[in-house]
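Below is one structure, written out as structure tokens, with a few remarks after it.
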Amino acid sequence: MAIGTETIKKVDFMAGPGNAFNLPTSKLAGTSWRDYGEVILVDNINEAYKLADEFSSEHAQILTQNPRVELEKDVKR
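Numbering (our numbering), first residue to last: -6 to 70.
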């Protein structure tokens, strides 16, 4: 694909509704999220890592304001 402008570079890949890469599984994914999804807020990054280890979930995500900084720190487990 070659979509861009004079100030925005061309893109190699576009994702979103209606493209060839969307799967018709949103209903199933929505049901799974509703029945099994969970958001847990923690006080610090070490608590987040500890919870992720305890859950052993392949889909666990830790979202931080500065992810690269957090990855470089020593983690206390």
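C-beta atoms are modelled at their ideal positions from N, C-alpha and C, and glycine is treated no differently. Nothing here was measured: the structure is a model prediction, and the numbers come from that model.
Proximity test, residue i beta-carbon vs the ligand HEM heavy atom, cut-off 7 Å
i   : result
K66 : Among the components of this structure there are no ligands whatsoever, and the ligand HEM is therefore not found.
Reduced DSSP category for residue i - H, G, I as helix; E, B as strand; rest coil
i     : result
E31   : coil
D5    : coil
M(-6) : Low per-residue confidence applies at M(-6): pLDDT is 45, beneath 50, and the placement is therefore not dependable enough to give any value.
L64   : helix
T24   : helix
Short Cβ contact (8 Å threshold) for residue i with residue j
i   : j   : result
I33 : L16 : no
Start-to-end residues for the alpha helix (DSSP H) that takes in residue i
i     : result
E(-1) : From DSSP, E(-1) is part of no alpha helix (DSSP H); its letter is neither H nor E.
I38   : I38 to F48
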